[in-house]
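S.K.: Numbering (full-length UniProt numbering), first residue to last: 1 to 41.
The beta carbon of each residue, even a glycine, is placed where N, CA and C say it ideally should be.
Have a look at the structure that comes next, please.
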């Protein structure tokens, strides 16, 4: 059996990882748009 604190910790870690990955994806897409704008100029 898994103890409740471990499950809560795991869920918290998953939410943190999702948040970080979302920020990373947004960062990458904005950088790509920035680079395409520079190439367009």
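Note down the Cα distance separating residue 29 from residue 19, rounded to an integer number of angstroms.
M.R.: Roughly 16 Å between the two C-alpha positions.
S.K.: Consult DSSP for residue 21 and reduce its assignment to one of helix, strand or coil.
M.R.: If DSSP states are grouped into helix, strand and coil, residue 21 belongs with the helices.
S.K.: Helix, strand or coil, according to DSSP, for residue 15 in the structure here?
M.R.: Residue 15: helix per DSSP, three-state reduction.
S.K.: Can you check whether the C-beta of residue 37 is within less than 9 Å of a C-beta belonging to chain B?
M.R.: Of the chains in the structure shown, none is chain B; there is only one protein chain.
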